[in-house]
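Numbering (my numbering), first residue to last: 183 to 442.
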C-alpha cells in the first residue's frame, strides 16, 4: 500500500505541474492530508469495515478513552444494506454497527462505496462511488462525512477534482501498520516495528502528530495490535489519542457536512 501511495503522489505532482486547461483552472481539487497538524496527537484510523469485529473494536476503544476514525465502505467485506452480524449486544444489521461506532463517539469517514481504487476511473464512476456511500451515511446518521480515504491510497487528478467538487478532504497516513500484509502470520512484531520506526524518531518533549493506518476487518488487528498500540503510545506520555478532525485542529463535530 505504501509504494502505491508514493507512486500515486508522484504522478499527481507531475500532472498538477503541467499547464492547466480552462476547466482545471475553475476546479478546486480536494486537499490531501498525510499527517496530523496538532503536535502530540495520534489518530488511529481503520479501513474497509464494517465487519464482524467492528462493534467490539468501537467498544474497546471507548473503554480505553481512545477516539478512532473509521473509513467505511458500503459493499466491501459485507453489504451493509442487507447483511447482519452477531455482536455482544445481539444480532445487529451492519447499518446498526455503523451507528454504534458513531454513538460510541468515534468519527465516521468514507472509503468509497465498493472499495474502488479511484485512479483510472471516469468522473461519473468516482462520483457514483462517493454519493452512494453518502446515501448510506445519511440513512444512518443523517449527514455525510467531510473526510475520505481512497482505497490503497490510489488517486488521480480527475479523482481529486471530483472529490473537491464534493467538498471532501483526502486523508492518507504517515504510520502504516501494514496489518493487512501480516494478517495471516503469527505475532505482531512486524506491525510493532512499523510503529516504532516512526514514534522512536519523534522528539521526546514535543512529538509530531500522526495518522496511523489499520484495518478493522482483521481479527489479529483488533485482538492483538490495537491493545498493544494503545499501551505503547500511552507509555510515551506525550501523545493524545484523538479523531482525524481533532488532530487537524478541528472539532469532532466538524467532521460532517449536511449537503443532500
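Ideal placement from N, C-alpha and C gives every residue a C-beta, glycine not left out.
| field | Burial state of residue 395 (16 or more Cβ within 10 Å) | value | buried
| field | Three-pair Cβ contact test at 8 Å for the stretch 220-235 versus the stretch 275-285 | value | The stretch 275-285 and the stretch 220-235 touch, with three or more beta-carbon pairs separated by less than 8 Å.
| field | alpha helix (DSSP H) runs contained entirely in the stretch 230-262, provided each spans 4 or more residues | value | 236-245
| request: Using three-state DSSP, classify residue 439 as helix, strand or coil. | output: strand
| task | Out of 378, 329, 346, state which residue places its alpha-carbon closest to the alpha-carbon of residue 305. | result | 346
| field | Delimiting residues of the alpha helix (DSSP H) encompassing residue 280 | value | 276-285
| request: For the alpha helix (DSSP H) holding residue 407, just list the boundary residues, first then last. | output: No alpha helix (DSSP H) contains residue 407, which DSSP labels as neither H nor E.
| What number of angstroms, rounded off, separates the C-alpha of residue 407 from the C-alpha of residue 331? | 21 Å
| task | Report the option in 439, 335, 420, 416 whose CA atom is closest to the CA atom of residue 215. | result | 335
| said: Please classify residue 271 as buried or exposed, where buried requires at least 16 neighbouring CB atoms within 10 angstroms. | reply: When all chains shown are included, residue 271 counts as exposed.
| query | Can you check whether the CB of residue 353 is closer than 8 Å to the CB of residue 218? | reply | Result no, Cβ atoms of residue 218 and residue 353 do not sit closer than 8 Å.
| Beta-carbon proximity of residue 378 to residue 360, cut-off 8 Å | With a cutoff of 8 Å on beta-carbon distance, residue 378 and residue 360 are scored as not near each other.
| Delimiting residues of the alpha helix (DSSP H) encompassing residue 381 | 371-381
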